[in-house]
Amino acid sequence: MTTKNNYAGIPDKYARLEEAKVVLIPVPYDGTSTWQKGADKGPQAFLEASENMELFDIETRTEVYKKGVYLAAPVTENSSPEKMVEAVHKTTKNYIKQGKFVTLFGGEHSISIGSIRAFNEAFPDLTVVQIDAHADLRKEYEGSSYNHACTVHEASKTTNLVQVGIRSMDEEELEYMDENQVYFAHDLYEDWMDDAIGQMTPNVFLTIDLDAFDPSILPSTGTPEPGGLFWYETLDFLKLIFKKKNVVGFDIVELCPNKEEKSSDFLAAKLYYKMLSYKFEYGNPIVIEEE
């Protein structure tokens, strides 16, 4: 993976680690995907799309990049899923300890095993909000517990897991699912957002699989599923979380770019920037947590 020096082409003074409040870690990994390959190209496509955004957010009337966004070296460990997760965990933990608001862009969803583990060690009583088409609760898949189909199995046991948008799963995953904290896509109703917020503890980590979106607005993902979320309802939910809870970090995964279809890349870029805008306009200040 090659990247230009700065996220979104921002000036150097906003891109240096020392001053930046935000760290962005690319993880171009696609070692366990089982259908369409290409998520390892997602971070590069996301970064290229980010360079073509307007950096003034109309809704918040802010230019959040001026808070500083440091583009970290990509995590390129791919010798095994286990070693990749270890590398993501170590890198994420390192930047959390520096008091940064740490974000990641994958890559396939198995990278989140490492990021969730790092945030769970750093922040007490953590809620993981998974926005996704798939439950990803399998204990093991294709001989590994570090497969993308197992992404939140560990989180279901070590954190408070809230799942939103789920519309595809295997029967065995019911064993590990708390259906009181699952908002299936077909059951989303007018007041579901407040109910979901009520299930969350104060500290929240967001993991967003882009296949949560309906494929009519984001087709370029490895495992698209019909009946997904749309842009403004997703932003409404995210904004509510940032206002009501302390979002300590997030990752976005599963962009599988298609050279003939760039709107998905741009949606991912805008989503990331929107989430930063919400964090610094509505969210709580970043606090270094002591272990």
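For the sequence shown, UniProt numbering gives the first residue as 1, with consecutive numbering after it. Every residue, glycine too, gets a C-beta built ideally from N, C-alpha and C.
Secondary structure of residue i, DSSP reduced to three states
i: E261; result: strand
i: P58; result: Inspection of the sequence shows that residue 58 is occupied by Ile rather than by Pro. Reduced to three states, the DSSP call for I58 is coil.
i: Q181; result: helix
i: N120; result: helix
i: I208; result: strand
i: F237; result: helix
i: V85; result: helix
i: I197; result: helix
Residue i burial status per 10 Å Cβ neighbour count (16 or more: buried)
i: H134; result: buried
i: R61; result: exposed
i: A73; result: exposed
i: L174; result: exposed
i: F205; result: buried
i: R117; result: buried
i: N180; result: exposed
i: residue 298; result: Limits of the chain in this structure are 1 at one end and 291 at the other, which puts residue 298 out of reach.
i: L255; result: buried
i: N203; result: buried
Which residues DSSP lists as bridging residue i, in chain order
i: D132; result: For D132, which the question treats as bridged, DSSP gives no partner whatsoever.
i: V22; result: V69 and F101
i: Q163; result: Q130 and V182
i: residue 365; result: Examination of residue 365 is not possible in this model, given that the chain is present from 1 through 291 alone.
i: G106; result: V27
i: P141; result: Looking at the sequence itself, residue 141 is Tyr, so the reference to Pro does not match. S144.
i: F213; result: L229
Alpha-carbon to alpha-carbon, residue j and residue i
i: C150; j: G249; result: 21 Å
i: A212; j: G114; result: 20 Å
i: Y273; j: E233; result: 17 Å
i: W231; j: Y7; result: 23 Å
i: R167; j: S144; result: 23 Å
i: E121; j: D214; result: 33 Å
i: E261; j: V253; result: 18 Å
i: D236; j: F242; result: 10 Å
i: V182; j: L126; result: 17 Å
i: G99; j: A20; result: 10 Å
i: G228; j: A185; result: 7 Å
i: P26; j: N5; result: 13 Å
i: D251; j: P219; result: 19 Å
Residue closest to residue i, alpha-carbon to alpha-carbon, out of the options
i: Y65; options: F101, E82 and N78; result: F101
i: G283; options: E260, L267 and L238; result: L238
i: E48; options: D265, L271, R117 and Y278; result: D265
i: L188; options: V152, V164 and A118; result: V164
Residue i beta carbon near the ligand COA (any heavy atom closer than 6 Å)
i: K67; result: Inclusion of the ligand COA in the displayed structure is not the case, the ligand content being empty and no account of it being possible.
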